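Numbering (our numbering), first residue to last: 247 to 378.
Some notes on the structure that comes next.
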Amino acid sequence: MNNDRGMEWFAGTLRAWHLAMLRYAVTLDNADRLAVLRIAREIDGLYSRPDGNLEFEFFRRTSAELCAAILQPNERAPAVLRKYLARLDDDRLKRAFAAAIDAGQPPVVTPISRAARRRNDLWKGLSSRSDH
247 MNNDRGMEWF AGTLRAWHLA MLRYAVTLDN ADRLAVLRIA REIDGLYSRP
297 DGNLEFEFFR RTSAELCAAI LQPNERAPAV LRKYLARLDD DRLKRAFAAA
347 IDAGQPPVVT PISRAARRRN DLWKGLSSRS DH
């Protein structure tokens, strides 16, 4: 019974971490980033490393990478975000997060490769205002 409660707590805390990550992706607020890191630290505290050290860092490291990829995208950001999305089991959460990171990214502006032609014949064929 105690193990069941532990698993329920872990599942709830993991869901809270995912929701906090979604909230940060939407708001980009530092308080939301700190909430993600707080939950990550709480989850990491449950595990010990093989060398006996109690500092398991998976969720803190992953959180830091995700937050950085969201806030300051670089060449690694798309891979980091895709990897996170692939790990999400909840389809609604996955779609919401995908929408949040797409909405948060500025659109790519493609420069015009040729100079615009001057169109002197734009008004050709139209009657002048004085005719009305």
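We treat Cβ as the ideally placed atom computed from N, Cα and C, and that holds for glycine.
Bear in mind that the values here come from a model prediction, so they are computed numbers and not experimental data.
Could you check if residue i is buried or exposed, using at least 16 other CB atoms within 10 Å of its CB as the buried criterion?
i	result
residue 267	buried
residue 330	buried
residue 349	Residue placement at residue 349 cannot be trusted, given a pLDDT of 45 that sits under 50; what the coordinates show is reported in the next sentence. Under this definition residue 349 is an exposed residue.
residue 308	buried
residue 263	buried
residue 256	exposed
Measure the beta-carbon distance from residue i to residue j and round it to whole angstroms, keeping in mind my assumption that it falls under 8 Å.
i	j	result
residue 327	residue 306	Actually they do not touch by this definition, with Cβ atoms about 18 Å apart.
Would residue i pass as a contact of residue j if the rule is Cβ separation under 8 Å?
i	j	result
residue 341	residue 313	no
Practice item. Evaluate contact between the region 269 to 286 and the region 249 to 256, counting only Cβ atoms and requiring at least three cross-stretch pairs below 8 Å. Key: no
Check your understanding: Touch check for the region 279 to 296 and the region 332 to 339: three-plus C-beta pairs under 8 Å?
Key -> no
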